[in-house]
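Structure record follows, encoded as structure tokens.
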Amino acid sequence: MLTKDSHAISPVIGVILMAAITVVLAATIAMFSFNFNSGLPNYNNVMIQVERVNSTCILIKNVGSSDQRHILFDPPGMPNGQSGEDATGFYGAFNVTVNDVEISNHVHHGAPSCTSDIGSLQYFSPVTPNSKVTVIANYKDSSKFVVWEGFV
């Protein structure tokens, strides 16, 4: 006489599922234990604030983050003596493009600029209203990352 089995799944399928879960869990633990993710790029997090000052100028304020110490203060290829250079001879840590064209840094009214200090300011001009602005941070390891992009 045939009887109805009350198991929800076959015991063989259950064993296979448990073995698969164990393998996935072991692989995940091994990845973190042996640092298998070291080949991934190291992304630094820098927070900035972008504001419009007037019809031709924007302000970039360095808000700060834990990765602040990784910012490069004298990006390669920046000539000395340009406006925006501070008393130590360092140039700004950010490259700014407006509508995909790089613009220069201008400092107004002696504002603190071109430093990694939280609260430091950089003014950029000319920037027409509703322009697409991209801010790229330069890092000590020669990497560059977009830290802000939008319309101002």
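In this text, residue positions in the sequence shown follow the working numbering: the first is 2, and each later residue adds one. A virtual CB, placed ideally from N, CA and C, is assigned to each residue, including glycine. On a predicted model such as this, the values are computed, not experimentally measured, just so you know.
When only Cα atoms are considered, Ala21 and Gly15 end up about 10 Å apart.
Rounded to whole angstroms, the gap between the alpha carbons of Met48 and Lys62 is 9 Å.
For the pair Phe152 and Phe33, the Cα-to-Cα distance works out to about 39 Å. Annotation for Phe33: the continuous alpha helix (DSSP H) segment containing it runs Pro12 to Ser34. The secondary-structure analysis by DSSP pairs Asn139 across a beta bridge with Lys145. Secondary structure note for Thr98: its beta strand (DSSP E) is the uninterrupted segment Phe95 to Val99. The C-beta distance from Gln123 to Phe95 rounds to 6 Å, short enough to fall under 8 Å.
Straight-line measurement puts the Cα of Ser126 at about 7 Å from the Cα of Ile104. Judged by their CB atoms, Val134 and Val51 are nearer to each other than the 8 Å cut-off.
In this structure, Asn100 sits near Ser132, with a CB-CB distance shorter than 8 Å. Within a 10 Å sphere around the beta-carbon of Ile59 sit 16 or more other beta-carbons, which makes this residue buried. Counting along the chain, the unbroken beta strand (DSSP E) around Val102 starts and ends at Val102 to Ile104. The beta carbons of Ile137 and Val128 sit no closer together than 8 Å. Check the Cα spacing between Glu150 and each of Val97, Ala27 and Thr23: the tightest is with Val97. Residue range Ile49 to Arg53 is occupied by the beta strand (DSSP E) that includes Val51.
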